[in-house]
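Here the structure is laid out as structure tokens; the discussion comes afterwards.
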Amino acid sequence: MGLTALLLSSCAQGKTATAIPDGDDAASYVTAKFAEKLKVLGEDFTGNEARKSSLEKFGRIDDKKSDQLIEAVQVGRPPARLAKNHSKRDSNEYLDFFHPAGSPIEYGLLGPVYSSLAPTPWVSMPYDGGTLNACFWEGYQDVCKMLDAVSAAVDKGAAAKQAKSLPDGSVELLAEIPLGVFLDKRVIVFPERLLTDVNEEMKQEPVASKIVLDGLGKLRSIEMTGLIKGDGHEVEVRMNYRILEPPTENDLPKIPDPSQVTNLPDEAAVADFYDRMGEIQDR
């Protein structure tokens, strides 16, 4: 991973933050911090540690936009997990996925926009998350994609720009990643018909990114923002992921009554469910 050609900001001693010096030491420091964070990502997101996070996720191409708030909870030993995906533009558009600790079943709560997907408020499906990487869970998918995009841009030698040590012991890592990498890593998934309006020049424009690690080197927050214009079109993205105070069992819903649940018994039924969900989201 060569970062010797990275653009590193000049770093003066300040009252609120200490910037890492210029030159080879700076390049080595930034390289090490990015590599360290990406290497231990799996350790952060696996195991039984109680964790709660929020993600504000906004994407727009011209007048077509999506604005979501995603909250994720992991608590207990073994952990129960809850991921709540709610539109900030339409209170009727939401999907909550709940996996009780140790259960072979995962439950999904359908908002009114998705009520045509099942005759009951809830659906259930076989849970196979125990055999998958943590990044496949709804609560971690987006932050994994964000860090994957940063990693891909760093590997190309054009991402890391600056590192700052803050008075509280935390570290800020600043980066710019090309819009094309952001889209290729599907940090936000836009319909293909809209992506035809995004030309190659626009894909080279930067999305500003900031990663904050706490004093122990654990992820505290990630922000990504960009407004790119070209050929009469605009792409706007805003992502704000934050680790919140640890949750308790009170943050979890109760297992729904069987009368309120439609069972999706196998892979074919689950695939059909997600296909129909995608059709609704693509309208």
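According to UniProt numbering, the residues represented by the sequence shown are 1 to 283, in order. C-beta: ideal position from N, C-alpha, C; glycine also.
- Query: If Asp251 and Lys52 are in contact, beta carbons under 8 angstroms, what's the gap, nearest whole angstrom?
  - Reply: Correct: roughly 7 angstroms between the Cβ atoms.
- Would you check if the distance between the CB atom of Gly111 and the CB atom of Tyr94 is smaller than 7 angstroms? Yes, they are a contact pair.
- For Gly23, collect the residues of the same chain with a Cβ closer than 6 angstroms to its Cβ; drop the 5 residues on either side in sequence, then sort them by chain order. Its pLDDT being 45, under 50, Gly23 is placed unreliably by the model, and the measurement read from it follows with that caveat. Same-chain partners within the cutoff: there are none.
- Task: Pick helix, strand or coil for Phe136, following the three-state DSSP scheme.
- Result: Note: Phe136 maps to helix in three-state DSSP.
- Task: Give a yes or no on whether the C-beta atoms belonging to Val261 and Ser116 are separated by under 7 angstroms.
- Result: No.
- Tell whether a beta-carbon distance below 7 angstroms holds between Ile61 and Phe182. 7 angstroms or more divides the Cβ of Ile61 from the Cβ of Phe182.
- Task: Name the residue from Asp231, Pro256, Asn240 and Glu192 whose alpha carbon lies nearest to the alpha carbon of Glu279.
- Result: Distances from the alpha-carbon of Glu279 to those of Asp231, Pro256, Asn240 and Glu192 put Glu192 closest.
- Please look up how many angstroms separate the CB atoms of Ile228 and Glu205, rounded, as I've assumed it's under 8 angstroms. Between Ile228 and Glu205, the beta carbon gap of about 4 angstroms places them in contact (Cβ cut-off 8 angstroms).
- Message: So Ile177 and Ser209 are supposed to be a Cβ contact under 8 angstroms. How far apart are they, rounded?
- Response: Correct: roughly 6 angstroms between the Cβ atoms.
- Message: Threshold first: 4 residues or longer. Then list the alpha helix (DSSP H) segments lying entirely within the region 153-238, N to C.
- Response: Whole alpha helix (DSSP H) segments, 4+ residues: 179-184, 192-195 and 200-203.
- Under the assumption that Val198 contacts Thr225 (Cβ atoms under 8 angstroms), give the Cβ distance between them as a whole number of angstroms. At roughly 17 angstroms, the Cβ-Cβ gap does not stay under 8 angstroms, so Val198 and Thr225 are not in contact.
- Check whether the Cβ atoms of Glu49 and Leu69 lie closer than 7 angstroms to each other. The answer is no: Cβ separation not under 7 angstroms.
- Message: Tell me which residue opens and which closes the beta strand (DSSP E) that Val75 is part of.
- Response: Under the DSSP assignment, Val75 falls in the beta strand (DSSP E) whose first and last residues are Lys64 to Val75.
- Message: Classify Tyr140: buried if its beta carbon has 16 or more other beta carbons within 10 angstroms, exposed otherwise.
- Response: Buried.
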